[in-house]
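In my numbering, the protein residues as written are 3 to 223.
Using N, Cα and C, we set each Cβ at its ideal position, and we do this for glycine too.
Below is the structure:
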């Protein structure tokens with residue numbers, strides 16, 4: 003049986019399709035290894051991955067280590083510099099290894115607003131995107147930004163939105179908004195073990211949020 007989506011074995015495929023997983027990393031933002039798992043499942047080597055809310059650059063590090071081309075968009079100058087320094091450091095390390103000469107994938111850090119994606123694509127002559135993964139901020143008009151990005155994705159491309167620390171109402175509200183333009187495929191739940199705190203003790207129920215939603219969408223014509 004051929005596998006057109008990725009290079010996973012049957013056992014690797016089965017493991018990934020479990021609807022929840024645990025990652026207890028305490029690193030800032032979404033862990034690189036978590037992003038790499040999604041990138042490896044939804045793409046093949048040499049494909050183009052977009053993160054329109056790049057932050058510190060973990061998505062590009064995941065792309066680099068899995069031999070995918072990465073494009074990251076980030077408006078904050080400090081985060082842009084950190085991401086560029088991270089990519090530079092990774093490229094410098096790889097040049098010292100035996101596999102360095104075989105690494106042809108590129109990582110691009112672009113400073114700008116993802117809602118202005120048409121301008122960025124024209125300015126840098128960027129290619130069609132095979133996969134989108136990002137951890138967006140809680141913000142009004144977020145679904146409108148993804149509608150603008152839609153034209154840069156190839157037909158059939160998957161999108162993974164990792165909603166880090168979003169409450170359920172906001173998270174599923176975004177799914178409803180996005181479903182008008184993209185096919186909602188499923189969700190994976192990222193669980194974390196954290197210390198408990200007595201939130202709302204004595205006056206109302208307030209849960210200790212130890213999970214994050216990873217919503218999976220697909221571009222359809």
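query, result
"Within 10 angstroms of the Cβ of residue 66, are there 16 or more other Cβ atoms? Answer buried if so, exposed if not.", "buried"
"Taking 6 Å as the limit between beta carbons, can you name the residues of its chain near residue 147, skipping five residues before and five after?", "116, 117"
"Taking the straight line between their C-alpha atoms, what separation do you get for residue 88 and residue 49?", "21 Å"
"Could you say which of 30, 25, 46 lies nearest to residue 36 if we only look at CA atoms?", "25"
"Across the stretch 174-189 and the stretch 141-160, are there enough close Cβ pairs to call them in contact, namely three or more that are closer than 8 Å?", "yes"
"Excluding five sequence neighbours on each side, which residues of the same chain lie with their C-beta closer than 6 Å to the C-beta of residue 208?", "201, 202"
"Hey, quick one: how far does the alpha helix (DSSP H) through residue 63 stretch, first residue to last?", "60-67"
"Taking C-beta to C-beta, are residue 165 and residue 133 nearer than 8 Å?", "no"
"Put residue 43 into one of helix, strand or coil per three-state DSSP.", "helix"
"Quick one: is residue 63 buried, meaning 16 or more other Cβ sit within 10 Å of its Cβ, or exposed?", "buried"
"Go ahead and label residue 125 buried or exposed: buried means 16 or more other beta carbons lie within 10 angstroms of its beta carbon, across all protein chains shown.", "exposed"
"Hey, could you find the ends of the alpha helix (DSSP H) residue 151 is sitting in?", "144-151"
"Under 8 Å by Cβ, that's how I've got residue 23 and residue 192 pegged, so tell me the actual separation to the nearest angstrom.", "6 Å"
"With distances taken from CA atoms, which of 210, 198, 187, 136 is nearest residue 21?", "187"
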